[in-house]
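K.L.:
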Amino acid sequence: MTILIVFIFFILLLILPFLPGIAERVRKDDADPLFIHMDYVRDPRYFAKSFKRILLQATIGFTMGPEIRDVQLSKKEKIQFTESLIVPADREIDYLLYIHGSLVTGDHAQIIKEAYVTGDVSIGVNNIIRVLVAEGKMVIANGTKIERWLDAEGTITVEENCNLGICTSSGNKLYIDQNCLFRRLYGMPIITGNELAVVALPKADFPPLTSAFVRTKDREIPAGTVIDKHIVFTKDVKIGRNAVFMGDVKSYGNVVIEENVIIYGSVFADGDIRLGSRTIVLGNIFSQGSIFLSARAKISRPNVLKSVIGKKGVNIEKGVIIYGYVATEGQGMTI
Amino acid sequence: MEVVILILKIYLVFTICVMLIYLLRHFAFTLNRLFFEQRIYYQDIIDSEIRSITVLIPMHNEEKVAGQILDLLVESAYPNENVGKDGRKILDLLVDADYPHDKLEIIPINDFSSDETRIILENYANKYPFIKPIHRYDGERGKPAALNEAMKHAKGDIIVVFDADYLPPKGILKDIAVSFNDPEVGAVMGRVVPVNTKANLLTRLLDLERTGGYQVDQQARYNLKLIPQYGGTVGGFRKDVVMSLGSFDTRILAEDTELTFRLLINGWKVIYANRAECYEEAPETWDVRARQITRWSRGHNQVMLNYLWPLLFSSRISRIEKIDGILVLFVYTVPIILLIGIFDSLALFFLGEMQIIAGMAAFIFVGAYNTFGNFAPFYQIGIGALLDGSTNRILLLPFLLFNYFLNTWYISIGFVEAIVDKITGRSAKWKKTKRFRSGDIDTILPSDRTSHASSSKKAEIK
Chain W
777 MTILIVFIFF ILLLILPFLP GIAERVRKDD ADPLFIHMDY VRDPRYFAKS
827 FKRILLQATI GFTMGPEIRD VQLSKKEKIQ FTESLIVPAD REIDYLLYIH
877 GSLVTGDHAQ IIKEAYVTGD VSIGVNNIIR VLVAEGKMVI ANGTKIERWL
927 DAEGTITVEE NCNLGICTSS GNKLYIDQNC LFRRLYGMPI ITGNELAVVA
977 LPKADFPPLT SAFVRTKDRE IPAGTVIDKH IVFTKDVKIG RNAVFMGDVK
1027 SYGNVVIEEN VIIYGSVFAD GDIRLGSRTI VLGNIFSQGS IFLSARAKIS
1077 RPNVLKSVIG KKGVNIEKGV IIYGYVATEG QGMTI
Chain Z
3 MEVVILILKI YLVFTICVML IYLLRHFAFT LNRLFFEQRI YYQDIIDSEI
53 RSITVLIPMH NEEKVAGQIL DLLVESAYPN ENVGKDGRKI LDLLVDADYP
103 HDKLEIIPIN DFSSDETRII LENYANKYPF IKPIHRYDGE RGKPAALNEA
153 MKHAKGDIIV VFDADYLPPK GILKDIAVSF NDPEVGAVMG RVVPVNTKAN
203 LLTRLLDLER TGGYQVDQQA RYNLKLIPQY GGTVGGFRKD VVMSLGSFDT
253 RILAEDTELT FRLLINGWKV IYANRAECYE EAPETWDVRA RQITRWSRGH
303 NQVMLNYLWP LLFSSRISRI EKIDGILVLF VYTVPIILLI GIFDSLALFF
353 LGEMQIIAGM AAFIFVGAYN TFGNFAPFYQ IGIGALLDGS TNRILLLPFL
403 LFNYFLNTWY ISIGFVEAIV DKITGRSAKW KKTKRFRSGD IDTILPSDRT
453 SHASSSKKAE IK
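Residue numbers (the working numbering), protein chains in the order written: chain W, 777 to 1111; chain Z, 3 to 464.
Written out as structure tokens, the structure is:
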């Protein structure tokens, strides 16, 4: 009898670790494949396109009027369909807006739900805006805070001391003044400050480079050097003024690029990247650290979309022009 | 007899040391993934000057899956069309991918197929000018030979490879191609996710293995600047570089691992793209899995035998990469070391000589022997599932014991075959993994494609 009990106890202990798994096999709570978004494509204006599609589908048949109605989006929301709207100073709007015309807000106004505007937008000083989409131009005055994102088909002009939330994208130009915070920017081009870069764009009149690259322990490239190949620096590197790189530049450490350097390829670094003033990079800039773009630096050229990706942060001085996309997981700032 | 016992004891200590080294390695990877800074991949780069790519899809009797990948890839080139919605296959998916068609070329390689593969490919070629199938009915068989021939025809700067059972999402080609903006990247590997998890216990266990292997192991190796492996599918490489290095060695079964080490010793980097996720079909029967794992082991050990010395003496690899490279090369040797160690310990036990593992040593001994349960040890898999936000599947971890025994045995067989290959100079014969799929894509993919619980959590993980 004792042997039988011991045997049963032994068998129980043996199968004990498998019992939760057997239960999962039976219940199949977590049996689906891991989710992959099969239709996902990278689009810097994805938020706006997706929002417009959802909003316009949900509001088919709605007519203009002052009343506030229910609309079924991902959940039930209140919405007002209205002609051009002027939001008085200090007013708070806590429902969705569909504005067929233009939107103007006074100082210290708050729009705490999403707003879609078919015309132009002018946001007053120190507003708080959740989401704003416009088919026309957009002007954001001093001190405004965007809680989520904004997008305009036309030019966006952002004045000083704004917080641009997660994403600000424009189908046209994006002007951003000093002391603005951001995570992602998109514009063709993005222009910081009031001063425009007047750096002439170089012509790439040399044959395309092969994949071959040179790896070097050099820590400094003298001023005026011309390098006609892709180059990988295994340490921190400082690139002297007026140097020209016909290929890509990569460093395992930090990259400091002085004034008036021209790089026809991309710049990659495991550390920080600091671009000197009037320097031109025609490719992408990617850093596992932070990126600092000095005054009047220029990234890419008209009609060519490139990216500036700084994992820990991106700081941009005034007069910088970027044709394309800027993103950081940390903090972005115009200074 | 004393000499024999001494040898047995030395071997046992050696086995424990090997186990402990791999334990520490995988534990370091897991901790890195949990608590340390993650390196981001290049997928955030948006670039209008896109590189030309050629997608190669080796196919041997793939009529069950051939159309699906092409439809998905064609969606890249014609993003606004609903291509092949009726009964979509792999070719449909490729047709569907997000890539400008003037920069995209798709070469399905019909490698000695005797089924309808040839007709399916010709139908696609007639519809889409950038699908240019190659039909091979003479010369050397097998994936490496097929890839070599296709590379001679390929016009793209970058070669992207998918196996025929894969289901590439729309954006994956750009996610893979963007990494080649980095001048020293020779190859990139994406993440493989089994799609047929619901089929049976085996597919669920293989899903767990993949989770640990990619979400933790490969990403940690990328974080630590070690050696992420190119896996031969859901990945890409520079055509000019690989051709200049002599293309694929057709005598080696693991052409992917061979490419990883060839690139490495020639100064190129292999990187990992966790975001470039793609569904695959995992083997649904134990015998198919056994054949697959034997082939992997044989091929990997062929690479180990051929590349150990070049790795050790290469001047283009850092010291830390060399250490990791050695550990990667010996991964498929460890099971046979352990298997012999188990018999060794049994012999010592019955000889009454097991007193060498008293006290603290016994603890280490037990820990070490319980560590190498799989390619990715259990805690690595558990953390991988946690990062994926998919935690109930962790309850199945004890069942990996069965995979462990299967892997240990068949990896050991693969090791022996690789040794015989090396000694006799015989060439290995490529054997395709059996496909199980039936039905079109929309019945295979998860039904809720936009609101799965894990998607939001995964999105936070780079």
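All residues carry an ideal CB built from backbone N, CA and C; glycine is no exception.
For A891(W) versus N903(W), is the C-beta distance shorter than 8 Å?
P.N.:
The answer is no: Cβ separation not under 8 Å.
K.L.:
Using a Cβ cut-off of 9 Å, pull out every chain W residue sitting near S249(Z), in sequence order please.
P.N.:
Result: empty, since nearest Cβ-Cβ is about 15 Å, beyond 9 Å.
K.L.:
For P1078(W), which residues in chain Z fall below 9 Å Cβ to Cβ?
P.N.:
Those within 9 Å of P1078(W) in chain Z number zero; the least Cβ separation is about 11 Å.
K.L.:
Run through the DSSP bridge pairs and tell me what T56(Z) is partnered with.
P.N.:
Answer is E107(Z) and I161(Z), bridged to T56(Z).
K.L.:
Looking only at its chain, what residues have a beta carbon closer than 6 Å to the beta carbon of G86(Z), apart from the 5 residues adjacent to it on each side?
P.N.:
Caution applies to G86(Z), whose pLDDT of 41 falls short of 50 and renders its modelled position unreliable; the value that the coordinates give is listed next. Excluding sequence neighbours, G86(Z) sits near D73 and D94.
K.L.:
So, are the CB atoms of A931(W) and K949(W) less than 8 Å apart?
P.N.:
According to the sequence as given, residue 931(W) is Thr; it is not Ala. For T931(W) and K949(W), yes; Cβs fall inside 8 Å.
K.L.:
Check the C-beta distance from R1077(W) over to S1053(W) and give it rounded, since I have them as a contact under 8 Å.
P.N.:
With 8 Å as the limit, R1077(W) and S1053(W) do not qualify as a contact, their Cβ atoms being about 18 Å apart.
K.L.:
Do L313(Z) and I325(Z) count as a contact pair if the criterion is CB distance below 8 Å?
P.N.:
For I325(Z) and L313(Z), no; Cβs fall outside 8 Å.
K.L.:
Going by the CB atoms, is the gap between E355(Z) and I7(Z) shorter than 8 Å?
P.N.:
Yes, Cβ-Cβ distance for I7(Z) and E355(Z) is below 8 Å.
K.L.:
Can a CB atom of chain Z be found closer than 8 Å to the CB of N1060(W)?
P.N.:
Interface residue, yes.
K.L.:
In whole angstroms, what is the alpha-carbon distance linking N128(Z) and P998(W)?
P.N.:
Computed Cα separation, rounded: 56 Å.
K.L.:
Could you spell out the range, first to last residue, of the beta strand (DSSP E) harbouring Q1107(W)?
P.N.:
That run of the beta strand (DSSP E) goes I1097 to T1110.
K.L.:
In or out: T920(W) buried (at least 16 other Cβ within 10 Å) or exposed?
P.N.:
When all chains shown are included, T920(W) counts as buried.
K.L.:
Beta strand (DSSP E) containing R1050(W): first to last residue?
P.N.:
Unbroken beta strand (DSSP E) run through R1050(W): I1049 to L1051.
K.L.:
Quick check on the burial criterion: 16 or more other C-beta atoms within 10 angstroms. Buried or exposed for K460(Z)?
P.N.:
Because the pLDDT at K460(Z) is just 42, under 50, the model does not fix this residue reliably, and the value given afterwards should be weighed accordingly. By the neighbour-count rule (16 or more Cβ atoms within 10 Å), K460(Z) is buried.
K.L.:
According to DSSP, simplified to helix, strand and coil, what is M840(W)?
P.N.:
If DSSP states are grouped into helix, strand and coil, M840(W) belongs with coil.
K.L.:
Residues in its own chain within less than 7 Å of V20(Z) by CB, not counting five upstream and five downstream?
P.N.:
Once the five neighbours on either side are set aside, the close Cβ partners of V20(Z) are V336 and I339.
K.L.:
Quick one: is S826(W) near chain Z, going by C-beta distance under 8 Å?
P.N.:
No, no contact with chain Z.
K.L.:
Output yes if chain W places a C-beta closer than 8 Å to the C-beta of K172(Z); else output no.
P.N.:
Closer than 8 Å to some Cβ of chain W, the Cβ of K172(Z) qualifies, so yes.
K.L.:
Provide the residue(s) that pair with M61(Z) in DSSP beta bridges, ordered along the chain.
P.N.:
According to DSSP, M61(Z) bridges with N112(Z).
K.L.:
Considering only the alpha carbon of each residue, which of V863(W), I1003(W), Y874(W) and F785(W) lies closest to G882(W)?
P.N.:
It is V863(W) whose Cα lies nearest to the Cα of G882(W).
K.L.:
Under 8 Å, Cβ to Cβ, is there at least one residue of chain W near D88(Z)?
P.N.:
At D88(Z), the pLDDT of 38 sits below 50, so the modelled position is not reliable; the number obtained from the coordinates is stated separately. Not closer than 8 Å to any Cβ of chain W, the Cβ of D88(Z) fails to qualify, so no.
K.L.:
Helix, strand or coil for N1030(W)? Go by DSSP, reduced to three states.
P.N.:
N1030(W): coil per DSSP, three-state reduction.
K.L.:
Report the neighbours of V243(Z) on chain W: residues whose CB is nearer than 7 Å to its CB, in chain order.
P.N.:
Ordered by position in chain W, the residues that pass the 7 Å Cβ test against V243(Z) are S987.
K.L.:
Flag this pair as yes or no: are the beta carbons of P196(Z) and P809(W) separated by less than 8 Å?
P.N.:
Yes, Cβ-Cβ distance for P196(Z) and P809(W) is below 8 Å.
K.L.:
Going residue by residue through the segment 250-331 of chain Z, where are the continuous beta strand (DSSP E) segments of at least 3 residues, counting only ones entirely within it?
P.N.:
As far as the segment 250-331 of chain Z is concerned, its whole beta strand (DSSP E) runs of at least 3 residues are 271-282.
K.L.:
Quick check on Q231(Z): does DSSP put it in helix, strand or coil?
P.N.:
Three-state DSSP puts Q231(Z) in coil, outside helix and strand.
K.L.:
So, does the segment 114-130 of chain Z touch the segment 53-72 of chain Z, judging by three or more C-beta pairs under 8 Å?
P.N.:
Judged by Cβ distances under 8 Å, the segment 114-130 of chain Z makes contact with the segment 53-72 of chain Z, as three or more pairs qualify.
K.L.:
Could you tell me whether the Cβ atoms of Y130(Z) and M191(Z) are closer together than 8 Å?
P.N.:
Cβ atoms of Y130(Z) and M191(Z): not closer than 8 Å.
K.L.:
Spatial neighbours of I254(Z) within its chain, please: C-beta separation below 8 Å, excluding the five flanking residues on both sides.
P.N.:
Cβ neighbours of I254(Z) beyond the five flanking positions: P146, E260, G301, Q304, V305, N308 and A430.
K.L.:
Do V1032(W) and R1017(W) come within 8 Å of each other at the CB atom, strictly closer than that value?
P.N.:
No, the pair does not count as a contact, with Cβ atoms beyond the cut-off.
K.L.:
Anyone know if the C-beta pair for G1089(W) and Q1107(W) falls short of 8 Å?
P.N.:
It is a contact, given that the beta carbons lie within the stated cut-off.
K.L.:
So which residues on chain W does K176(Z) lean against when the C-beta distance must stay under 9 Å?
P.N.:
Those are V817 and R818, listed as they occur along chain W.
K.L.:
Which of the three DSSP states is assigned to H137(Z) in this structure?
P.N.:
Note: H137(Z) maps to strand in three-state DSSP.
K.L.:
Counting only beta-carbon separations shorter than 8 Å, does E83(Z) have a partner in chain W?
P.N.:
Per-residue confidence for E83(Z) stands at a pLDDT of 46, beneath the threshold of 50, marking its modelled position as unreliable; no derived number is given.
K.L.:
Return the chain-ordered list of same chain residues with a C-beta closer than 7 Å to the C-beta of R138(Z), the five sequence neighbours on each side being excluded.
P.N.:
For R138(Z), where only same-chain residues beyond five positions count, the Cβ hits under 7 Å are I111, N112, D113, F114, A148 and E151.
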